[in-house]
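Q:
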Amino acid sequence: MSQPATLKITPLSAAHRRLGAKMVDFGGWDMPVQYSGILEEHHAVRAAVGLFDVSHMGEIEVHGREAQALVNFAGTNDACKLKDGQVQYSGLLYDHGGFVDDILVHRISDTSYFLCVNASNQEKDFEYIRSLNRWTATVEFASERYAQLAVQGPKAAATLQKLTSAPLGAMKYYWFVDDTVCGVPARIARTGYTGEDGFEVYAAPEYAEKLWDAILDAGQESGIRPCGLGARNTLRLEAKMALYGHEIDATIRPFEAGLDWIVKMDKGDFAGRAALEKLRSEGVTRKLVGFEMRGRGIGRDGYEVHIDGAPAGWVTSGGPAPTLNKNIGLCYVPAALAEPGRTIHIIIRGQPVEAVTVPTPFYKRAR
Amino acid sequence: MYPENYRYTKEHEWVSVDGDTGTVGITHHAQSELGDIVYVDLPKVGAAVEKGATFGSVESVKAVSDIYAPISGEVVEVNGALSEKPETLNEDPHGSGWLVKIRLRNPEEIKQLMAAADYQSYVGS
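In order, the protein sequence lines correspond to chains A and B. At position 284 of the first sequence (counting the first as 1) the number is 284 in this note's numbering, and the numbers step up by one without a gap. In short: position in the second sequence from 1, add 367, done, that's this note's numbering.
(1) What is the DSSP secondary structure of residue 489(B), reduced to helix, strand or coil?
(2) Could you tell me whether the Cβ of residue 462(B) comes closer than 9 Å to any Cβ of chain A?
(3) Using DSSP with H/G/I as helix, E/B as strand and the rest coil, what is residue 287(A)?
(4) Suppose contacts are defined by Cβ-Cβ distances below 9 Å. Is residue 114(A) in contact with residue 60(A) by that definition?
(5) If you drop the 5 nearest sequence neighbours on each side, which residues of the same chain put their C-beta closer than 6 Å to that of residue 350(A)?
(6) Is the Cβ of residue 429(B) closer than 9 Å to any Cβ of chain A?
(7) Note down, in chain order, all residues in the region 400–432 of chain B with a beta-carbon under 9 Å from any beta-carbon belonging to chain A.
(8) Apart from the five residues just before and just after residue 216(A), which ones in its own chain have a Cβ nearer than 7 Å to its Cβ?
(9) Can you confirm whether residue 452(B), when its beta carbon is compared against all beta carbons of chain A, has any partner nearer than 9 Å?
(10) If residue 372(A) sits next to residue 360(A), beta carbons under 8 Å apart, how far is it from one beta carbon to the other, in whole angstroms?
(11) Below 9 Å between beta carbons: does that hold for residue 327(A) and residue 277(A)?
(12) Output yes or no for whether 9 Å exceeds the beta carbon distance between residue 402(B) and residue 319(A).
(13) Pull up the CB-CB distance for residue 253(A) and residue 243(A), whole angstroms please, since I reckon it's below 8 Å.
(14) Along chain B, which residues have their Cβ under 9 Å away from the Cβ of residue 33(A)?
(15) Take residue 33(A) and list the residues in its own chain whose beta-carbon comes closer than 8 Å to its own, dropping the five residues that flank it on each side.
(16) Determine the chain B residues that contact residue 39(A) at a beta-carbon separation under 9 Å, and present them in chain order.
(17) Taking Cβ-Cβ distances shorter than 9 Å, what residues in chain B pair up with residue 454(A)?
(18) Which residues does DSSP pair with residue 34(A) in a beta bridge?
(19) Do residue 300(A) and residue 431(B) have their C-beta atoms closer together than 9 Å?
(20) State the Cα-Cα distance for the pair residue 417(B) and residue 472(B), rounded to the nearest angstrom.
(21) Mind checking residue 84(A): buried by the 16 CB within 10 Å criterion, or exposed?
(22) In the DSSP output, what is residue 311(A) paired with across the bridge?
(23) In this structure, how does DSSP classify residue 102(A) when only helix, strand and coil are distinguished?
(24) For residue 29(A), is the classification buried or exposed, using 16 other Cβ atoms within 10 angstroms of its Cβ as the cut-off for buried?
(25) Going by the CB atoms, is the gap between residue 270(A) and residue 75(A) shorter than 9 Å?
(26) For residue 302(A), count neighbouring C-beta atoms within 10 Å of its own C-beta (all shown protein chains included) and say buried if the count is 16 or more, exposed if not.
(27) What does residue 234(A) reach in chain B if we use C-beta pairs closer than 8 Å?
(28) So with Cβ pairs under 9 Å, would you call residue 368(A) a contact of chain B?
(29) Curious, which full-length alpha helix (DSSP H) runs of at least 4 residues does the region 139–224 of chain A contain?
(30) Cβ atoms of residue 378(B) and residue 435(B): under 9 Å apart, would you say?
(31) Do you know how far the Cα of residue 287(A) is from the Cα of residue 423(B)?
(32) Could you give the distance in angstroms between the alpha-carbon of residue 142(A) and the alpha-carbon of residue 165(A)?
(33) Starting from the beta carbon of residue 319(A), find every residue of chain B whose beta carbon is closer than 9 Å, and list them in chain order.
(34) Apart from the five residues just before and just after residue 453(B), which ones in its own chain have a Cβ nearer than 7 Å to its Cβ?
(35) Indicate whether the contact test is met: 3 or more Cβ pairs, each with one atom in the region 135–150 of chain A and one in the region 87–105 of chain A, closer than 8 Å.
(36) Assuming the contact rule is C-beta atoms closer than 8 Å, residue 67(A) and residue 170(A) should be a hit. Round their C-beta distance to whole Å, please.
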């Protein structure tokens, strides 16, 4: 099927087509949703290694003597705690406390930060961070300078190590290094969106295909699979990682989404802090909880949730959990009813189907 | 690919008629577009179905798709094996992945459906 010319493409678009990927319009990007099949790709990441093209993700760079002041004011997490080469998950909030985006902050030095942001939010984030800049920092929209590949799974380190002299075994989770991968200058971060060990590799777009092919080659003996956004979604859902537009958006505050841990109220002022202070004193009225289907059916994104026969919330993400062989999901419910073990009903095609709230994450890798 | 003796709909169902009963399923093209099928919702035996109306759904990992009745009549048998093994729809959509058997109310309706060659060119390649 031909795609409208308006869709944005990644530097790996041709490679995906050669591999027979099924392409979809993902927020204006022409992206692979699957190659061999979502289930096979999902299992490959849990058991061995998978390779994802996530070049649609955005990159924003903040430089200058006061870069740290701006980054620390923009994000909810404490960027001053970061050391050179360290990565931190953070929230970017409006003044009213809702999410502009969730972001990864990489500290290159105290005068240079590299932010990885969601594809569909990148222009908005850039403008927003610029609007917060009452310092001398420079904010640069850098997305065009980076392709991003995610190598994920228990065999990710062994696969990538064949292509780099950077000592990956010594690299801790949520740290990064600037080095080379198959001779190509690359930023290698031990991060990911799958709940598995793995790396995200940032490099110039002109090298994307060389990297892609080299990583697939290096992973062959481990059974590497190219993986699409379909598996990326089932993997992140099992690990209860938030997806913008689902678990979080402009109307959701971090405390509701269970993201208290990325909010450091004692670090000084930051965008959205006053609203969060107020929310904390009033208490949250709704909370994100995990559920497992008990009845036959799959609770999907946007489905209504009932408790004791009355509307009580909505499903933010739902679907099969291939690792667990269950149908799972996340939903917002009144905070007073959010404890695990509660029977709830998901309205599936007009019919209430039983589910039970459960502790999350649904899946946690053995370390 | 598409059995000669089946008839096909634009919504990618097939029907195979034997006497006054039609066996209904989804096509190879449909399962391929859906991807890994993880759940099938089917009517009960005795339910009445109307040609062109939705009578169940098939869910892949990513999405829910309605199934439309290619013919009108009464459901006389349901493929119960699919609830345990929905992946049969991917593996053998034109055979053991059949969905329901329907006693035809109006056998003339069959003539309005596509022959295999027509369906083949409808889905391309």
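Idealized CB from N, CA, C, for every residue including glycine. Since we're looking at a predicted model, the values are computed, not measured.
A: Let's see:
(1) helix
(2) False, the Cβ-Cβ gap to chain A never drops below 9 Å.
(3) Residue 287(A) falls in the strand class under three-state DSSP.
(4) yes
(5) none
(6) yes
(7) 400, 402, 403, 405, 406, 408, 424, 426, 427, 428, 429, 430, 431
(8) 51, 224, 226
(9) no
(10) Since the first and last residues shown for chain A are 1 and 367, residue 372(A) lies out of range.
(11) no
(12) no
(13) About 17 Å separates the two Cβ atoms, so there is no contact after all.
(14) 402, 429
(15) 21, 22, 23, 24, 26, 228, 229, 230
(16) 402, 403, 405, 428, 454
(17) There is no way to answer for residue 454(A), as the model of chain A reaches only from 1 to 367.
(18) 22(A)
(19) yes
(20) 9 Å
(21) exposed
(22) Checking the DSSP bridge columns, you'll see residue 311(A) partnered with 306(A).
(23) strand
(24) Buried, by the Cβ-count rule.
(25) Yes, the pair counts as a contact, with Cβ atoms nearer than the cut-off.
(26) exposed
(27) 428
(28) What the structure shows of chain A is the stretch from 1 to 367, and residue 368(A) is not part of that stretch, so it cannot be assessed.
(29) 156–161, 208–218
(30) yes
(31) 33 Å
(32) 26 Å
(33) 405, 426, 428, 429
(34) Closer than 7 Å at Cβ, skipping near neighbours: 404, 405, 406, 407.
(35) The region 135–150 of chain A makes no contact with the region 87–105 of chain A, as fewer than three CB pairs between them are under 8 Å.
(36) Incorrect: roughly 27 Å between the Cβ atoms, too far for contact.
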